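S.K.: Submitted below is the structure of interest, expressed as structure tokens.
2 protein chains.
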Amino acid sequence: MTDHQNTFMRQALQAATEGAVRGEVPVGALIVDSEGNILACRHNQGILLKDPTAHAEMLAIREACQKIGYERLIDCTLYVTLEPCAMCATAISFARIKTLFYGALDSKGGGVEHGSKVYTHRTCHHKPEVQGGILAEECGKILQDFFKDLRKKRQDL
Amino acid sequence: MTDHQNTFMRQALQAATEGAVRGEVPVGALIVDSEGNILACRHNQGILLKDPTAHAEMLAIREACQKIGYERLIDCTLYVTLEPCAMCATAISFARIKTLFYGALDSKGGGVEHGSKVYTHRTCHHKPEVQGGILAEECGKILQDFFKDLRKKRQDL
Numbered sequence: 046m047t048d049h050q051n052t053f054m055r056q057a058l059q060a061a062t063e064g065a066v067r068g069e070v071p072v073g074a075l076i077v078d079s080e081g082n083i084l085a086c087r088h089n090q091g092i093l094l095k096d097p098t099a100h101a102e103m104l105a106i107r108e109a110c111q112k113i114g115y116e117r118l119i120d121c122t123l124y125v126t127l128e129p130c131a132m133c134a135t136a137i138s139f140a141r142i143k144t145l146f147y148g149a150l151d152s153k154g155g156g157v158e159h160g161s162k163v164y165t166h167r168t169c170h171h172k173p174e175v176q177g178g179i180l181a182e183e184c185g186k187i188l189q190d191f192f193k194d195l196r197k198k199r200q201d202l
Numbered sequence: 046m047t048d049h050q051n052t053f054m055r056q057a058l059q060a061a062t063e064g065a066v067r068g069e070v071p072v073g074a075l076i077v078d079s080e081g082n083i084l085a086c087r088h089n090q091g092i093l094l095k096d097p098t099a100h101a102e103m104l105a106i107r108e109a110c111q112k113i114g115y116e117r118l119i120d121c122t123l124y125v126t127l128e129p130c131a132m133c134a135t136a137i138s139f140a141r142i143k144t145l146f147y148g149a150l151d152s153k154g155g156g157v158e159h160g161s162k163v164y165t166h167r168t169c170h171h172k173p174e175v176q177g178g179i180l181a182e183e184c185g186k187i188l189q190d191f192f193k194d195l196r197k198k199r200q201d202l
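Protein sequences appear in the order of chains P and E.
Sequential numbering from 46 applies to the first sequence in my numbering.
Sequential numbering from 46 applies to the second sequence in my numbering.
Structure follows, in structure tokens:
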């Protein structure tokens with residue numbers, strides 16, 4: 046990873062942290078165009094928006110598309126702190142995102158290296174370049190801390 | 046299929062037809078609660094909304110969740126004219142939809158019986174009851190006609 050790429054992932058991590066403060070599972074996603082302009086930076090909002098599709102990646106894709114006025118994000122890069130699920134991985138493909146960088150692996154809910162392995166199928170028409178494990182420790186820790194805290198709160202009830 | 050179920054799929058087909066008129070790939074989706082109340086009925090709007098995630102199922106799920114004020118559609122049924130893709134199939138799982146009825150099979154883009162086969166993985170935490178092939182011929186024909194017409198228009202240019 047270049048310093049530039051680490052900087053973008055740190056911004057996605059910052060979004061994840063903001064999500065945790067608001068009670069959302071802390072996952073953050075950021076989309077940049079080919080010139081390095083940030084088109085969108087979002088965190089999960091499934092609970093706040095009462096929307097099961099409101100993962101950070103989905104919100105970022107929708108916002109970035111609105112910004113450029115087109116339903117494809119050609120030559121764009123998506124940074125996300127956690128391995129995307131099958132829903133988000135498929136949306137990334139539909140949006141024609143060129144490169145996907147993600148942080149922590151998600152053996153339970155991931156759809157890139159785990160479960161559905163969305164990009165491995167013949168019927169997947171656009172496969173982004175993928176690199177996982179970026180700042181993986183930090184990206185994973187914020188999630189572990191969040192769920193540890195949640196369990197503690199539930200025990201205290 | 047009961048008459049009732051056929052009626053709901055016909056309404057989803059009607060939504061698909063409306064989508065075709067507006068230039069969208071004609072797929073329609075409808076969500077009903079356990080008492081048979083229609084919570085949402087939508088067609089694909091990816092082009093109109095400039096949103097690659099705006100499949101009929103996604104829009105219907107989001108609308109139904111807003112209507113009931115909760116991010117889960119427990120005991121609800123989703124009717125869709127085409128086999129859901131991996132994105133929509135995963136969203137259906139996240140929304141905890143109880144039953145999924147779909148029309149035409151989609152060997153190229155489907156994610157239920159084809160490609161990612163989202164519900165077959167150990168990591169899929171909620172698997173709806175699924176029945177495909179409902180009014181399959183009609184659901185498929187509207188798509189075939191749409192793409193045939195599109196190819197003709199392109200040839201005429």
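Built from N, CA and C at the ideal position, the CB exists for glycine as well.
Model, not experiment: these values are computed from the prediction.
Below 7 Å on C-beta distance, what does G230 (chain E) contact in chain P?
M.R.: What is shown of chain E runs 46 to 202, which leaves residue 230 (chain E) out entirely.
S.K.: Where does V163 (chain E) fall in DSSP's three states?
M.R.: Helix, per DSSP.
S.K.: So that I know if they touch, is there some Cβ in chain P lying closer than 7 Å to that of T168 (chain E)?
M.R.: Yes, because at least one Cβ of chain P sits closer than 7 Å to the Cβ of T168 (chain E).
S.K.: Give the interface partners of Y147 (chain E) over in chain P, defined as CB-CB distance under 7 Å, in chain order.
M.R.: Here the premise fails: no neighbours, minimum Cβ distance about 16 Å.
S.K.: State yes or no: is the beta carbon of V70 (chain P) nearer than 7 Å to at least one beta carbon in chain E?
M.R.: By this cut-off, V70 (chain P) is not an interface position.
S.K.: Given a cut-off of 7 Å on the beta-carbon distance, is the pair P173 (chain P) and I119 (chain P) in contact?
M.R.: For P173 (chain P) and I119 (chain P), no; Cβs fall outside 7 Å.
S.K.: To the nearest angstrom, report how far apart P80 (chain P) and N51 (chain E) are at their CA atoms.
M.R.: Strictly speaking, residue 80 (chain P) in this sequence is Glu, with Pro absent from that position. So the alpha carbons of these two residues sit roughly 51 Å apart.
S.K.: Determine whether the Cβ of A131 (chain E) lies closer than 7 Å to any Cβ atom of chain P.
M.R.: Judged by the 7 Å Cβ criterion, A131 (chain E) is in contact with chain P.
S.K.: Mind checking R107 (chain E): buried by the 16 CB within 10 Å criterion, or exposed?
M.R.: Classification for R107 (chain E): buried.
S.K.: In the segment 106-119 of chain E, which residues sit with their C-beta less than 9 Å from some C-beta in chain P, listed in chain order?
M.R.: Taking 9 Å as the Cβ-Cβ cut-off against chain P, the residues of the segment 106-119 of chain E that qualify are I106, R107, C110, Q111, I113, G114, Y115, E116, R117, L118.
S.K.: Given this structure, state the Cα-to-Cα distance separating Y146 (chain P) from C121 (chain P), to the nearest angstrom.
M.R.: At residue 146 (chain P) the sequence reads Phe, which differs from the Tyr that was named. Straight-line Cα distance between these residues: approximately 11 Å.
S.K.: Measure the CB-CB distance between P97 (chain E) and A74 (chain P) and report whether it falls below 7 Å.
M.R.: Cβ distance not < 7 Å, so P97 (chain E) and A74 (chain P) don't count as in contact.
S.K.: Starting from the beta carbon of K140 (chain P), find every residue of chain E whose beta carbon is closer than 7 Å, and list them in chain order.
M.R.: Residue identity check: residue 140 (chain P) is Ala in the sequence provided, not Lys. Within 7 Å Cβ-Cβ: P97.
S.K.: Given a cut-off of 7 Å, decide if A149 (chain E) and C184 (chain E) are closer than it, judged by their beta-carbon atoms.
M.R.: Yes, these two residues count as a Cβ contact at 7 Å.
S.K.: If you follow the alpha helix (DSSP H) that A181 (chain E) is part of, which residue opens it and which one closes it?
M.R.: Residues 181-201.
S.K.: Could you pull the start and end residues of the alpha helix (DSSP H) that Q50 (chain E) belongs to?
M.R.: Taken as a continuous stretch (DSSP letters only), the alpha helix (DSSP H) holding Q50 (chain E) covers 48-66.
S.K.: Is Q90 (chain P) helix, strand or coil when you go by DSSP?
M.R.: DSSP places Q90 (chain P) in coil when its eight states are reduced to three.
S.K.: State yes or no: is the C-beta of P71 (chain E) within less than 7 Å of the C-beta of L195 (chain E)?
M.R.: Result no, Cβ atoms of P71 (chain E) and L195 (chain E) do not sit closer than 7 Å.
S.K.: What is the C-beta distance between V157 (chain P) and A181 (chain P), in whole angstroms, given that I count them as a contact (C-beta under 8 Å)?
M.R.: That pair is no contact at about 14 Å.
S.K.: Under 7 Å, Cβ to Cβ, is there at least one residue of chain P near T135 (chain E)?
M.R.: At least one chain P Cβ lies under 7 Å of T135 (chain E).
S.K.: Going along the chain, which residues of its own chain have a beta-carbon closer than 6 Å to the beta-carbon of I76 (chain P), five neighbours each way excluded?
M.R.: The residues are L84, A85, A105, A109, C121, L123.
S.K.: So, for I179 (chain P): in the same chain, excluding its five sequence neighbours on each side, which residues have a beta-carbon less than 6 Å away from its beta-carbon?
M.R.: Hits under 6 Å: M46, M54, F146, G148.
S.K.: Residues of chain P with a CB under 7 Å from the CB of I76 (chain E): which are they?
M.R.: Result: empty, since nearest Cβ-Cβ is about 12 Å, beyond 7 Å.
S.K.: In this structure, does DSSP put A101 (chain P) in helix, strand or coil?
M.R.: Reduced to three states, the DSSP call for A101 (chain P) is helix.
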